[in-house]
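Asks:
In the numbering used here, the protein residues as written are 214 to 338.
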């Protein structure tokens, strides 16, 4: 039961972020397009990436919490946890690097979340 509660604390951040990206999809796409290092790609490219991120941020936390509760879908939960960790590293390198000023705190938060997700993935082995 404790693992379910502690995991929820990390995973809630991703779930809420995914719902927020879904509700403000066009704004999120525009923001990502500004930050991405390749600027002149078709808009569908940016939309596809954000759509995949929304799916990951909403489905992965649900899968992980379901697996903790039921002891089913362990491999999928492990991959979901690792997928969120990889996504966090990529997003951190795009949005919060170098870690200076206000970016420092976001960078450290994401680094901490990545460690928590990787630790969580070991539960499913």
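C-beta atoms are modelled at their ideal positions from N, C-alpha and C, and glycine is treated no differently.
Alpha carbon to alpha carbon, how far is residue 266 from residue 301? Give it in angstroms, no decimals.
Replies: Mapped onto the chain shown, residue 301 falls at position 88. Mapped onto the chain shown, residue 266 falls at position 53. For residue 301 and residue 266, the distance between alpha carbons rounds to 10 Å.
Asks: Is it right to say residue 223 is buried, meaning 16 or more other beta carbons lie within 10 angstroms of its own, or is it exposed?
Replies: As a first step, residue 223 is located in the chain shown; it is residue number 10 there, counting from the start. So residue 223 ends up on the buried side.
Asks: Residue 294 and residue 254: beta carbons closer than 8 Å?
Replies: If you number the chain shown from 1, residue 294 lands on position 81. If you number the chain shown from 1, residue 254 lands on position 41. Cβ distance not < 8 Å, so residue 294 and residue 254 don't count as in contact.
Asks: Just to confirm my understanding: we take residue 259, look at its own chain, exclude 5 residues before and 5 after, and list those with CB closer than 6 Å. What are they?
Replies: Within the chain shown, numbered from 1, the residue matching residue 259 stands at position 46. Taken in chain order, the residues that qualify are 242, 245, 246.
Asks: Does the separation of the CB atoms of residue 297 and residue 278 fall below 8 Å?
Replies: Counting from one through the chain shown, the residue named residue 297 turns up at place 84. Counting from one through the chain shown, the residue named residue 278 turns up at place 65. Contact flag unset, no.
Asks: Going straight from the alpha carbon of residue 249 to that of residue 306, what length do you get?
Replies: Along the chain shown, one-based indexing puts residue 249 at 36. Along the chain shown, one-based indexing puts residue 306 at 93. Going by the C-alpha atoms only, they are around 10 Å apart.
Asks: Can you grab the Cα-Cα spacing for the pair residue 336 / residue 313, in whole Å?
Replies: For the purposes of this step, residue 336 is taken as the residue at position 123 of the chain shown. For the purposes of this step, residue 313 is taken as the residue at position 100 of the chain shown. Near 34 Å, if we compare the C-alpha coordinates of residue 313 and residue 336.
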